[in-house]
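Working notes, beginning with the structure itself.
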Amino acid sequence: MTSYSMIKVGNDYVVQANDKCILKVGSRRRAAQLISEATDLLNALAAVESPEIAPEAPSLQRETPELP
């Protein structure tokens with residue numbers, strides 16, 4: 107899981123992911139919005155890629171083509 111934070115550097119805000127600087131913006135509100143969106147996207151991705159949801163085998167068998 108990624109941990110997001112923001113720090114103020116001069117008049118700008120730097121968004122960090124796991125203590126790595128990834129983005130610099132001029133507004134604290136915009137930095138908070140970006141963190142929220144990134145968290146939502148990662149949570150949605152985790153739900154889609156969950157091994158409990160994805161079937162292990164295809165649900166349909168491929169049909170053998172008929173030759174004329």
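Its first residue numbered 107, the sequence shown is counted upward by one per residue in this note's numbering. All C-beta atoms, glycine included, are put in the ideal place defined by N, C-alpha and C. Every value quoted in this text rests on a predicted model; they were computed, and no experiment measured them.
Residue i bridges to which residues according to DSSP?
i: alanine 123; result: Tyr110 and Lys126
i: aspartate 118; result: Val115
For residue i and residue j, what's the separation of their Cα atoms in angstroms?
i: lysine 114; j: valine 120; result: 6 Å
i: serine 133; j: glutamate 169; result: 57 Å
i: alanine 150; j: isoleucine 141; result: 14 Å
i: lysine 126; j: alanine 137; result: 15 Å
Spatial neighbours of residue i within its chain, please: CB distance less than 6 Å, with the 5 preceding and 5 following residues excluded, ordered by chain position.
i: leucine 129; result: Val121
i: alanine 123; result: Thr108 and Tyr110
i: leucine 173; result: none
Here's a check: name, in chain order, each residue in its chain whose Cβ is nearer than 7 Å to the Cβ of residue i, leaving out the five neighbours to either side.
i: leucine 148; result: Thr108
i: alanine 144; result: Tyr110
Enumerate in chain order the residues of its own chain whose CB-to-CB distance from residue i is below 8 Å, with the five nearest sequence positions on each side excluded.
i: asparagine 117; result: Gly132
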